[in-house]
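Participant: The opening position of the sequence shown corresponds to residue 9 in our numbering, with each subsequent residue numbered one higher.
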Amino acid sequence: LMLASIMSKKYAMGSQYILIDIPTGKGVKVETMEEARSLARDFIELGKRLGQYVEVAITYGGQPVGYTVGPALEAKEALQTLMTGKGPGSLVEKATGLAGILLEMGGVAPAGMGKKMAKEILESGKAYQKMREIIEEQGGNPDIKPEEIPIGDKTYTFTATTSGYVTFIDNKGVTGIARAAGAPEDKGAGIELYVKVGEKVKEGDPLFTIYAESEARLDQAIVYARRTEPIRIEGMVLQRIGNI
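Quick look at the structure:
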């Protein structure tokens, strides 16, 4: 069903060159490299049958890309990155990596040089100018600033209950919290993370904030977050074993 849904849309649009992104890791739809490679082969084969050239990028999906989940929050983060040419490492790396492949597929960049060209386009402001053109073409305000994008005004921040290191972020749990808060139907709902795997935190440090457009939705998301505990914090010593 996923193959048919994605490829039928590309075929209807008349796309000849298609890049499919398959995030892979614990907590996402495709959890293993074996599954990802098998799905990639299916996409490529279906593309051949439809007369389309398809390439697949298997990307790291072990934790969220960037720091936000939810329509408005993600839009703010993306717009800020485009405006400044800088942003969360995972967001910039994935965006320029995929854009680089597309530039090479289209013959704009030499083989192996696509990512470098994509980064130059981002850092020069050309990507932001193109986004402004797209926004204007769709009837939006091309001068909009990240802080002008409305987000949910009902918020709750979870903090670390102990000091240690972030050892795991549950993708499925993070997405579930955003959905419980109302996303994507409520555009301003979602979750903003403040930490990534491997980072050191102290007791009381903020871990994430939930945004919702109603108190009822916020309460649902808080209950869900407490039940799932999407961010795991552990010390460097995981277990002590003595003489038996």
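Virtual Cβ for every residue (Gly too), placed ideally from N, Cα, C.
(1) Quick check: tyrosine 232 and phenylalanine 216, are their CB atoms within less than 8 angstroms of each other?
(2) Excluding the 5 residues flanking aspartate 29 on each side, which residues of the same chain have their C-beta closer than 7 angstroms to its C-beta?
(3) Can you look up glycine 198 in the DSSP assignment and give me helix, strand or coil?
(4) Counting C-beta neighbours from all protein chains within 10 Å, is the total for lysine 208 16 or more, i.e. buried, or is it exposed?
(5) One question on the structure: do alanine 186 and valine 77 come within less than 8 angstroms of each other, judged by their Cβ atoms?
(6) Got a sec? Which residues, its chain only, sit under 8 angstroms from valine 38 by beta carbon, not counting five neighbours each side?
(7) At the level of alpha carbons, what is the spacing between glycine 35 and asparagine 149?
(8) What residues in its chain sit with their C-beta under 7 angstroms from that of leucine 226, if we drop five residues either side in the sequence?
(9) Quick check for students: name the residue ranges of the beta strand (DSSP E) that lie wholly in the region 115 to 167, counting only runs of 3 or more.
(10) Below 8 angstroms, how does it come out for the region 54 to 61 and the region 20 to 29: are there three or more Cβ pairs, yes or no?
(11) Select from Thr167, Asp50, Gly133 the residue whose C-alpha is nearest the C-alpha of arginine 240.
Facilitator: Quick answer:
(1) Residue 232 sits at position 224 when you count from the first residue of the sequence shown. Residue 216 sits at position 208 when you count from the first residue of the sequence shown. In this structure, phenylalanine 216 does not lie closer than 8 angstroms to tyrosine 232 by Cβ.
(2) Against the sequence shown, residue 29 aligns to sequence position 21. Same-chain partners within the cutoff: Ala65, Thr67, Leu106.
(3) Stepping through the sequence shown from its first residue, residue 198 is reached at position 190. If DSSP states are grouped into helix, strand and coil, glycine 198 belongs with the strands.
(4) The sequence position of residue 208 within the sequence shown is 200, counting from 1. Exposed.
(5) Here residue 186 refers to the residue found at position 178 of the sequence shown. Here residue 77 refers to the residue found at position 69 of the sequence shown. Cβ atoms of alanine 186 and valine 77: closer than 8 angstroms.
(6) Numbered from 1 along the sequence shown, position 30 holds the residue referred to as residue 38. Cβ neighbours of valine 38 beyond the five flanking positions: Ile30, Pro31, Thr32, Ala44, Leu47, Gly69.
(7) On the sequence shown, residue 35 is found 27 positions in, with the first residue counted as 1. On the sequence shown, residue 149 is found 141 positions in, with the first residue counted as 1. When rounded, the distance between both Cα atoms is 36 angstroms.
(8) As a position in the sequence shown, residue 226 is number 218, starting the count at 1. Within the same chain, leucine 226 has close Cβ partners Lys162, Tyr164, Ala189, Ile218, Ala220.
(9) 162 to 167
(10) yes
(11) As a first step, residue 240 must be located in the sequence shown, where it is residue number 232. Among Thr167, Asp50, Gly133, the Cα nearest to that of arginine 240 is on Thr167.
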